[in-house]
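Q: Here it is, the structure, as structure tokens.
There are 6 protein chains.
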Amino acid sequence: MFSVTVRNHIMIAHSFRGEVFGPAQRLHGATYVVDATFRRAELDADNIVVDIGRAGEVLGAVLAELTYRNLDDEPAFAGMNTSTEALARVIADRLAERVHAGEFGDSAGALAGITVTLHESHVAWASYERPL
Amino acid sequence: MFSVTVRNHIMIAHSFRGEVFGPAQRLHGATYVVDATFRRAELDADNIVVDIGRAGEVLGAVLAELTYRNLDDEPAFAGMNTSTEALARVIADRLAERVHAGEFGDSAGALAGITVTLHESHVAWASYERPL
Amino acid sequence: MFSVTVRNHIMIAHSFRGEVFGPAQRLHGATYVVDATFRRAELDADNIVVDIGRAGEVLGAVLAELTYRNLDDEPAFAGMNTSTEALARVIADRLAERVHAGEFGDSAGALAGITVTLHESHVAWASYERPL
Amino acid sequence: MFSVTVRNHIMIAHSFRGEVFGPAQRLHGATYVVDATFRRAELDADNIVVDIGRAGEVLGAVLAELTYRNLDDEPAFAGMNTSTEALARVIADRLAERVHAGEFGDSAGALAGITVTLHESHVAWASYERPL
Amino acid sequence: MFSVTVRNHIMIAHSFRGEVFGPAQRLHGATYVVDATFRRAELDADNIVVDIGRAGEVLGAVLAELTYRNLDDEPAFAGMNTSTEALARVIADRLAERVHAGEFGDSAGALAGITVTLHESHVAWASYERPL
Amino acid sequence: MFSVTVRNHIMIAHSFRGEVFGPAQRLHGATYVVDATFRRAELDADNIVVDIGRAGEVLGAVLAELTYRNLDDEPAFAGMNTSTEALARVIADRLAERVHAGEFGDSAGALAGITVTLHESHVAWASYERPL
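Chains as they are written, first to last, in my numbering: chain A, 661 to 792; chain B, 661 to 792; chain C, 661 to 792; chain D, 661 to 792; chain E, 661 to 792; chain F, 661 to 792.
And the structure:
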């Protein structure tokens, strides 16, 4: 199995609902360093998993919809705790939609799965892994 | 599949028995930067894998039993080479016991597995992965 | 010249005023990974720059006043752009006050200076360096 | 499942053929930071996955055949795009050959698999994972 | 003293002349992760060292003239060993020219100096520091 | 001013004397990731600060005298707390002796200074800087 990963980041505000979150129930924020991994069993005709330049651009487009925002005000997240692990799924699912829409090119149809990891600090991160 | 990882560290002394270890047969030491990863298939009612604050505390409690010690003098490790990979299992198993004992909270019963990675330097690390 | 550095982090929300900030004029947030460096010309009687345990505790106390907050609502920052470089100075100055108040121990009177670096992402950071 | 990883690096020149590569069709180069991971289900009699010193030496020997070279001139890569993911497979396969040749020692026969990750920058990396 | 740093990277081919370089006399290549640091004594009216967005763009423009090239073929480097430390100076000097040309904005006239660090691997890097 | 840095590591056991060290008074250990930086005002005839290969070899030779040892048993450290900052000076001074002994080559006579940084974990490090 092969994989290629590209890294980018977002800077957002949000708050959490639930006693488990303690002081994180207050409005605060995070830089999420985002690693998007694309997997496939065999390389394509160009000997690659995916066009890494295009992967970076599509990841950038997905993240542009999130960064420099207060997620508490985003309709897409109404009533949802935007935890690190939940945002990892949001980003993975949005990348998957764009794979299916052809934004990663023709050969990307053979991609087997996506993993998205969000690093919230130097001591904590979360991932979501899904098939394609 | 979702995962959450928290990082901490220990600083221990130890020695190894066996020619394969070369100069590491002498009493020496290591900082192990410890990454503990918790996996589960679906998020809980708070939209998280595990209370990351509690996960950090429990990891800290497990590591407090190891750090600032000469492992050669610990009864728990009598007759055992405390290699990086073996210590990864020790820590993963102790975390698993605490999951089963309820220290991670009620919803942690749905955790699927734990992976522990110990970084012994910038050029070497080891992991142990187990189900729950 | 000797130095010792300890690392911790804060997670805050804020917004900026001024066209130069572009989309960062919106309410957003950041994880700042904070490195606090303490310098002195000669080591103390224990052969150290500063008690690293105490340095970590004092840094934690200073950061506890900032983390999990919306800095736009903090009276201390009224009318001020809480840029990464400006926050580096705030933290350095608050650490300096605590050095002068004796929180780092008696021998800390010989400290020569403090540098605080805030990493806002994997591709951007800022520092403030001051004497003591 | 246990794993041990060792890190080293190579510095090579190469070019790519195919429009998808854009400016990377020109002769350029890369530092690849190479992580080689060895997996096995149970530890050996010395309580390790593999002799980490020997693993580092064998990885070094495999990389010595690649580093400080223009890969476009290497007969082994004639007509092949030496993408990051393709080089990860080359290195993993060459390590596997050396496992089978006994270079990792007798107990290495129980190794279950190898993963090789090549980091081409701070924002992009690729992996190849294979059984043994 | 304040500073702000932005990070980017280049991927180049080159070779060295001189016995001291050993195998690096062969055509090979490198990824240089480039950190550009801008220093000034006091913050500007927006409470910043420099517009970090613009700094990233100008650094990107300087690096676009170098990346995906064989430096041995660049007239600017004819007869010159493009060592890591020498390239750090080239990039710092080109950034300084653009500061003086006004590309960093009006308030950048108060910048005191620039440091450029090039990381050639996880175990080696070089810097050049200059006033403005 | 130019600089070049090379990285390596040591794994040692030791204990500290003095109440300030708390649990670190017990025999424990550390991995120190060691960064040795060499500075000079102008590059030599080969356009470098120092032969980076030789610098790595000499650093390795200095570290070979320390690694895989219990520093409490080393005559060189009798009666001395081998704190991170104190070890940084030991290593810097030993490198300086080898510069003066000609081990870095003829042009190394123009080196202006050395800085040694020891990383004891992902959250703490110490440095010693000296002229040559």
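Even glycine gets a Cβ: it sits at the ideal position worked out from N, Cα and C.
1) Can you find the residues in the same chain that come closer than 8 Å, C-beta to C-beta, to residue 699 of chain C, ignoring five residues on each side of it along the sequence?
2) One question on the structure: do residue 727 of chain A and residue 690 of chain C come within less than 8 Å of each other, judged by their Cβ atoms?
3) Please specify which runs of the beta strand (DSSP E), each continuous and at least 3 residues long, are wholly inside the segment 680-759 of chain F, giving them in chain order.
4) By the three-class DSSP mapping on this structure, what secondary structure does residue 784 of chain F have?
5) Is the beta carbon of residue 732 of chain D sitting closer than 8 Å to the one on residue 680 of chain B?
6) Can you confirm whether residue 659 of chain F, when its beta carbon is compared against all beta carbons of chain B, has any partner nearer than 8 Å?
7) Measuring straight from C-alpha to C-alpha, what distance separates residue 665 of chain C and residue 687 of chain C?
8) Counting only Cβ pairs nearer than 9 Å, list the residues of chain A close to residue 764 of chain B.
9) Taking 8 Å as the cut-off, decide whether the C-beta atoms of residue 701 of chain F and residue 755 of chain F are in contact.
10) Given that residue 734 of chain D touches chain E, what residues does it touch there, using C-beta distances under 8 Å?
11) DSSP on residue 663 of chain E, reduced to helix/strand/coil?
12) Once the 5 residues before and after residue 788 of chain D are set aside, which same chain residues still bring their CB inside 6 Å of it?
13) Suppose contacts are defined by Cβ-Cβ distances below 8 Å. Is residue 707 of chain F in contact with residue 746 of chain E by that definition?
14) From the DSSP output, read off the bridge partner residues of residue 778 of chain F.
15) Per DSSP, which residues does residue 772 of chain C bridge with? Please list them.
16) Can the beta-carbon of residue 693 of chain A be found less than 8 Å from the beta-carbon of residue 729 of chain A?
17) Spatial neighbours of residue 704 of chain D within its chain, please: CB distance less than 6 Å, with the 5 preceding and 5 following residues excluded, ordered by chain position.
18) Give me the DSSP bridge partner(s) of residue 761 of chain E.
19) In chain G, what lies closer than 7 Å to residue 663 of chain A by C-beta?
20) Would residue 717 of chain F and residue 744 of chain F be called neighbours here (beta carbons separated by less than 8 Å)?
21) Beta-carbon separation of residue 830 of chain A and residue 713 of chain B under 8 Å?
22) Among the residues of its own chain, which have a CB less than 6 Å from the CB of residue 761 of chain E, if the five just before and after it don't count?
23) Mind checking whether residue 792 of chain A and residue 759 of chain A have CB atoms under 8 Å apart?
24) At a CB distance below 9 Å, what residues from the segment 741-758 of chain E approach chain F? Give them in sequence order.
25) For residue 709 of chain A, decide whether its Cβ has a neighbour in chain B, counting only Cβ atoms nearer than 8 Å.
26) If residue 674 of chain C sits next to residue 669 of chain A, beta carbons under 8 Å apart, how far is it from one beta carbon to the other, in whole angstroms?
27) Can you check which of these residues, E/757, E/737 and E/738, is closest to residue 721 of chain E by C-alpha distance?
28) How many angstroms separate the CA atom of residue 739 of chain A from the CA atom of residue 734 of chain C?
29) Applying the criterion that 16 or more other CB atoms from any shown protein chain within 10 Å of the CB defines a buried residue, is residue 736 of chain D buried or exposed?
30) For a contact meaning CB atoms closer than 7 Å, what does residue 691 of chain F contact in chain B?
31) List, in chain order, every chain B residue whose beta-carbon is nearer than 7 Å to that of residue 678 of chain A.
32) Could you tell me whether the Cβ of residue 696 of chain C comes closer than 8 Å to any Cβ of chain A?
33) Between the C-alpha atoms of residue 715 of chain C and residue 785 of chain E, what's the straight-line distance to the nearest angstrom?
34) Please work out which residues of its chain come closer than 6 Å, Cβ to Cβ, to residue 676 of chain D, disregarding the five sequence neighbours upstream and downstream, and give them in chain order.
35) Under 8 Å between beta-carbons, which chain E residues line up against residue 667 of chain F? List them in chain order, please.
A: Working from what's here:
1) Taking the third sequence and counting its residues from 1, the one referred to as residue 699 of chain C is at position 39. Around residue 699 of chain C: 661, 662, 663, 709, 771, 772, 773, 774 and 775.
2) For the purposes of this step, residue 727 of chain A is taken as residue 67 along the first sequence, with counting starting at 1. For the purposes of this step, residue 690 of chain C is taken as residue 30 along the third sequence, with counting starting at 1. By the CB criterion at 8 Å, residue 727 of chain A and residue 690 of chain C fall outside the cutoff.
3) If one requires a minimum length of 3 residues, the beta strand (DSSP E) runs lying completely within the segment 680-759 of chain F are 688-700, in chain order.
4) As a position in the sixth sequence, residue 784 of chain F is number 124, starting the count at 1. DSSP places residue 784 of chain F within a strand segment (E or B) once states are collapsed to three.
5) To locate residue 732 of chain D, count along the fourth sequence from 1; it is residue 72. To locate residue 680 of chain B, count along the second sequence from 1; it is residue 20. The beta carbons of residue 732 of chain D and residue 680 of chain B sit no closer together than 8 Å.
6) Shown here, chain F extends from 661 to 792; a query on residue 659 of chain F therefore has no answer.
7) Counted from its first residue, the third sequence places residue 665 of chain C at position 5. Counted from its first residue, the third sequence places residue 687 of chain C at position 27. Looking at the two C-alpha atoms, the distance is approximately 31 Å.
8) On the second sequence, position 104 is the one that residue 764 of chain B refers to. What residue 764 of chain B touches in chain A, judged by beta-carbon distance under 9 Å, is nothing: the nearest beta carbon there is about 11 Å away.
9) Numbered from its first residue, the sixth sequence carries residue 701 of chain F at position 41. Numbered from its first residue, the sixth sequence carries residue 755 of chain F at position 95. With contacts defined by Cβ atoms closer than 8 Å, residue 701 of chain F and residue 755 of chain F do not form a contacting pair.
10) On the fourth sequence, position 74 is the one that residue 734 of chain D refers to. Those within 8 Å of residue 734 of chain D in chain E number zero; the least Cβ separation is about 12 Å.
11) Locating residue 663 of chain E in the fifth sequence gives position 3, where the first residue counts as 1. Three-state DSSP puts residue 663 of chain E in a strand.
12) To locate residue 788 of chain D, count along the fourth sequence from 1; it is residue 128. The beta carbon of residue 788 of chain D lies closer than 6 Å to those of 748, 749, 752 and 776 in the same chain, with the five residues before and after it left out.
13) Residue numbering aside, residue 707 of chain F sits at position 47 when the sixth sequence is read from its first letter. Residue numbering aside, residue 746 of chain E sits at position 86 when the fifth sequence is read from its first letter. Yes, they are a contact pair.
14) Numbered from 1 along the sixth sequence, position 118 holds the residue referred to as residue 778 of chain F. Answer is F/694 and F/786, bridged to residue 778 of chain F.
15) One-based indexing of the third sequence puts residue 772 of chain C at position 112. The partner list for residue 772 of chain C (beta bridge, DSSP) is empty, contrary to what the question assumes.
16) Working through the first sequence from its first residue, we reach residue 693 of chain A at position 33. Working through the first sequence from its first residue, we reach residue 729 of chain A at position 69. Cβ atoms of residue 693 of chain A and residue 729 of chain A: not closer than 8 Å.
17) For the purposes of this step, residue 704 of chain D is taken as residue 44 along the fourth sequence, with counting starting at 1. Cβ neighbours of residue 704 of chain D beyond the five flanking positions: 767.
18) By 1-based counting over the fifth sequence, the position of residue 761 of chain E is 101. Residue 761 of chain E is not bridged to any residue.
19) Looking for chain G here will not work: the only protein chains present are A, B, C, D, E and F.
20) Numbered from 1 along the sixth sequence, position 57 holds the residue referred to as residue 717 of chain F. Numbered from 1 along the sixth sequence, position 84 holds the residue referred to as residue 744 of chain F. 8 Å or more divides the Cβ of residue 717 of chain F from the Cβ of residue 744 of chain F.
21) Missing from the structure shown is residue 830 of chain A; chain A here goes from 661 to 792 and no further.
22) Within the fifth sequence, numbered from 1, the residue matching residue 761 of chain E stands at position 101. Cβ neighbours of residue 761 of chain E beyond the five flanking positions: none.
23) Taking the first residue of the first sequence as 1, we reach residue 792 of chain A at position 132. Taking the first residue of the first sequence as 1, we reach residue 759 of chain A at position 99. The Cβ-Cβ distance between residue 792 of chain A and residue 759 of chain A falls below 8 Å.
24) Those residues of the segment 741-758 of chain E that come within reach of chain F (Cβ to Cβ, closer than 9 Å) are 741, 742, 743, 744, 745, 746, 748 and 749.
25) Along the first sequence, read from residue 1 onward, the residue named residue 709 of chain A stands at position 49. Taking a beta-carbon distance threshold of 8 Å, residue 709 of chain A does not count as an interface residue toward chain B.
26) Counting from 1 along the third sequence, the entry for residue 674 of chain C is found at position 14. Counting from 1 along the first sequence, the entry for residue 669 of chain A is found at position 9. Approximately 17 Å separates the beta-carbon atoms of residue 674 of chain C and residue 669 of chain A; this is outside 8 Å, ruling out the contact.
27) Indexing the fifth sequence from 1 puts residue 721 of chain E at position 61. For the residues E/757, E/737 and E/738, the minimum Cα distance to residue 721 of chain E belongs to E/757.
28) By 1-based counting over the first sequence, the position of residue 739 of chain A is 79. By 1-based counting over the third sequence, the position of residue 734 of chain C is 74. Going by the C-alpha atoms only, they are around 27 Å apart.
29) What you label residue 736 of chain D is simply residue 76 of the fourth sequence in a count that begins at 1. Classification of residue 736 of chain D: exposed, given that the 10 Å Cβ count is below 16.
30) As a first step, residue 691 of chain F is located in the sixth sequence; it is residue number 31 there, counting from the start. Correct list: 690, 691, 780 and 781.
31) Indexing the first sequence from 1 puts residue 678 of chain A at position 18. Near residue 678 of chain A (Cβ distances below 7 Å), the residues of chain B are 706.
32) In the third sequence, the residue the question calls residue 696 of chain C occupies position 36. No, residue 696 of chain C does not count as interfacial toward chain A.
33) Taking the third sequence and counting its residues from 1, the one referred to as residue 715 of chain C is at position 55. Taking the fifth sequence and counting its residues from 1, the one referred to as residue 785 of chain E is at position 125. In this structure, the straight-line span from the alpha carbon of residue 715 of chain C to that of residue 785 of chain E is close to 29 Å.
34) Taking the first residue of the fourth sequence as 1, we reach residue 676 of chain D at position 16. Non-local C-beta neighbours of residue 676 of chain D in its own chain, meaning closer than 6 Å and more than five positions away in sequence, comprise 684, 685 and 741, ordered along the chain.
35) Here residue 667 of chain F is taken as the residue at index 7 of the sixth sequence, counted from 1. Neighbours of residue 667 of chain F on chain E, chain order: 782, 783 and 784.
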